[in-house]
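Q: Okay, handing you the structure first.
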């Protein structure tokens with residue numbers, strides 16, 4: 226099965242090449258969504274970026290989980306031993322969004338961890354023009370950082386599961 230087919234059908238990629246292909250495709254998706262988040266961050270209305278970031282990130286997490294075959298529904302369809310491996314791997318690598326239904330509260334917790342950058346982004350909105358540019362840069366960096374961490378967590382879980390497959 227090709228990596229494109231694996232991603233389309235939401236199956237877990239089974240070899241290193243497939244995992245790397247899905248990983249790269251998801252990283253491109255992260256960058257595209259980070260650009261959108263940066264654009265919204267440049268709007269000089271405090272608070273609008275937080276709502277947008279939460280919505281964009283929730284969609285991103287769902288898309289990445291689906292691409293790796295790691296949504297809650299997909300993991301539930303695995304053999305019991307593979308389910309255990311998937312959840313142990315997710316916990317072990319800090320992938321708190323792998324295989325989870327993403328809620329606003331869960332995402333707020335993730336974004337609170339990046340609180341200093343978010344506060345700086347909000348504060349810069351009060352500085353004309355240059356503040357919007359800085360806010361957009363910070364917005365892009367934070368969104369990309371969190372997105373990349375999630376992609377790496379999913380790739381690591383997929384690697385753990387591929388190692389558990391019979392040869």
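Numbering (my numbering), first residue to last: 226 to 392. Every residue, glycine too, gets a C-beta built ideally from N, C-alpha and C. In this text the structure is predicted, and so the values were computed from the model without any measurement.
Pick from 369, 378, 242: whose alpha carbon is nearest that of residue 254?
A: Out of 369, 378, 242, 369 has the C-alpha closest to the C-alpha of residue 254.
Q: From what residue to what residue does the alpha helix (DSSP H) around residue 239 run?
A: Segment: none, residue 239 is in no alpha helix (DSSP H) and carries neither H nor E.
Q: Among the residues of its own chain, which have a CB less than 7 Å from the CB of residue 345, if the five just before and after it don't count?
A: Residue confidence for residue 345 is low, a pLDDT of 48 falling below 50, so the modelled location carries little weight and cannot support an answer.
Q: State the Cα-Cα distance for the pair residue 366 and residue 374, rounded to the nearest angstrom.
A: Using only the alpha carbons, I get a separation of about 12 Å.
Q: Have a look at residue 177 and residue 299 and give me their C-alpha separation to the nearest angstrom.
A: Here the chain has residues from 226 to 392 only, and residue 177 is not among them.
Q: Name the residue from 371, 296, 266, 388 whose alpha carbon lies nearest to the alpha carbon of residue 282.
A: Checked all of 371, 296, 266, 388; the closest Cα to residue 282 is 371.
Q: Under the assumption that residue 252 contacts residue 376 (Cβ atoms under 8 Å), give the Cβ distance between them as a whole number of angstroms.
A: At roughly 6 Å, the Cβ-Cβ gap stays under 8 Å, so residue 252 and residue 376 are in contact.
Q: For residue 269, does the three-state DSSP call read helix, strand or coil?
A: Here residue 269 sits in coil by DSSP.
Q: Once you ignore the five residues that flank residue 273 on each side, which residues in its own chain have a CB closer than 8 Å to its CB?
A: Correct list, in chain order: 265.
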